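In my numbering, the protein residues as written are 2 to 181.
Structure (structure tokens):
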């Protein structure tokens, strides 16, 4: 472990202790350090900004409410990525159960500004949406959450070899959808 990583880990431990004592500023500092990746996980798993915002909010609220249960066996960021993935999947499940009303369709129209800039991102998002949920979750946690195979295995309750298989299949499925 580098000196910077060791210092960051020590700083995180201090912030976690303060957050457990009810210090919301300490919690905000912890969350801000991994906000970009948490957002990426939520966005990739939900597939749209509105649901990702809901998932992000749910994840941060759940983490704040359960900071006392964080055992520090993993980094805070890893713990928060897991919560974010679960929150995003919960939002996706709720969305599937709630049909979109015809009058709400206008909110689903994508503005065409900067179409070239977002076209590739949209293609990748559409390809990810076609991948079965357990495979997609493993891929998002690996690529956007930067979790190790062991951390993904623990999160999904599966073996490391199964994680490797899911990642291989998810990558192959995304590549196939992008070619087609």
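Where is the CB? At the ideal position from N, CA and C, for every residue including glycine. Here the structure is a predicted model, which is why all the values come from computation and not from measurement.
What residue from the options has the CA that sits closest to residue i's CA?
{"i": "residue 60", "options": "127, 79 and 126", "result": "79"}
{"i": "residue 83", "options": "123, 50, 40 and 48", "result": "40"}
{"i": "residue 27", "options": "15, 44 and 37", "result": "15"}
{"i": "residue 49", "options": "62, 85, 89 and 20", "result": "89"}
{"i": "residue 175", "options": "130, 146 and 164", "result": "130"}
{"i": "residue 31", "options": "11, 44 and 155", "result": "11"}
{"i": "residue 45", "options": "158, 34, 128 and 154", "result": "128"}
{"i": "residue 133", "options": "47, 20, 22 and 25", "result": "47"}
{"i": "residue 192", "options": "56, 73 and 66", "result": "No statement about residue 192 is possible, as the shown extent of the chain runs from 2 to 181 and does not include it."}
{"i": "residue 1", "options": "98, 155, 77 and 66", "result": "In the structure displayed, the chain extends from 2 to 181; residue 1 sits before or after that span and is not available."}
{"i": "residue 65", "options": "177, 121 and 25", "result": "25"}
{"i": "residue 73", "options": "13, 98, 62 and 161", "result": "13"}
{"i": "residue 148", "options": "29, 35, 98 and 54", "result": "35"}
CB-CB under 6 Å to residue i, same chain, minus the five flanking residues each way: which ones, in chain order?
{"i": "residue 71", "result": "80"}
{"i": "residue 152", "result": "79"}
{"i": "residue 33", "result": "none"}
{"i": "residue 136", "result": "167, 170 and 171"}
{"i": "residue 141", "result": "42, 45 and 46"}
{"i": "residue 63", "result": "84"}
Taking 7 Å as the limit between beta carbons, can you name the residues of its chain near residue i, skipping five residues before and five after?
{"i": "residue 124", "result": "179"}
{"i": "residue 139", "result": "153, 157, 164, 167, 168 and 171"}
Is the beta carbon of residue i less than 7 Å from the beta carbon of residue j?
{"i": "residue 145", "j": "residue 164", "result": "no"}
{"i": "residue 52", "j": "residue 92", "result": "yes"}
{"i": "residue 68", "j": "residue 143", "result": "no"}
{"i": "residue 75", "j": "residue 42", "result": "no"}
What first and last residue would you give for the alpha helix (DSSP H) that runs through residue i?
{"i": "residue 87", "result": "77 to 98"}
{"i": "residue 22", "result": "First-last for residue 22: undefined, no H or E at that position."}
{"i": "residue 58", "result": "50 to 66"}
{"i": "residue 44", "result": "36 to 47"}
{"i": "residue 161", "result": "161 to 180"}
{"i": "residue 133", "result": "Counting along the chain, residue 133 falls outside any alpha helix (DSSP H), and DSSP gives it neither H nor E."}
{"i": "residue 150", "result": "150 to 157"}
Any chance the CB of residue i is under 6 Å from a heavy atom of the ligand FAD?
{"i": "residue 26", "result": "This structure lacks the ligand FAD, and indeed carries no ligand of any kind."}
Chain B beta carbons: is any one of them nearer than 7 Å to that of residue i?
{"i": "residue 44", "result": "Reference to chain B is not applicable here, since this structure consists of a single protein chain."}
Keeping to the same chain, check which residues put their C-beta closer than 8 Å to that of residue i; ignore five residues upstream and five downstream.
{"i": "residue 160", "result": "154"}
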